[in-house]
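In our numbering, the protein residues as written are 79 to 180.
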């Protein structure tokens, strides 16, 4: 949850948001290397990161998606393709930044 939304306010009042540091807020903790700023009860941050990695791979490594991307391929966007592929194949090894704990 991002600061300013209702869910953030509720979780913050319950003491469940780990930090107010904007650098820690990301939609993709599994690829940014950050830990999630909120972890639901009964779950671990490692479990959330692993589940997100699996979901991203299952979505992006599909024949239909890859064929669609190849049809839209532009040489000028090669660096974007390289970064995305690199992130899927070699995501940051469990070196999650502990910004949320500081």
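Backbone N, C-alpha and C fix where the C-beta goes; we use that ideal spot for every residue, glycine too.
Counting along the chain, the unbroken alpha helix (DSSP H) around residue 125 starts and ends at 123-138.
Boundaries of the alpha helix (DSSP H) around residue 84: 84-91.
Taking C-alpha positions only, residue 81 is separated from residue 141 by approximately 37 Å.
Sorting 130, 84 and 88 by C-alpha distance to the C-alpha of residue 105 places 130 at the top. In this structure, residue 115 and residue 96 form a Cβ contact; the two beta carbons are roughly 5 Å apart against a cut-off of 8 Å. The C-beta of residue 112 has 16 or more other C-beta atoms within 10 Å across all chains shown, which makes the residue buried. In this model, residue 164 and residue 121 are separated by some 28 Å (Cα to Cα). Apart from sequence neighbours up to five positions away, the residues of its chain that approach residue 86 with a beta-carbon distance below 8 Å are 79, 80 and 95, ordered along the chain.
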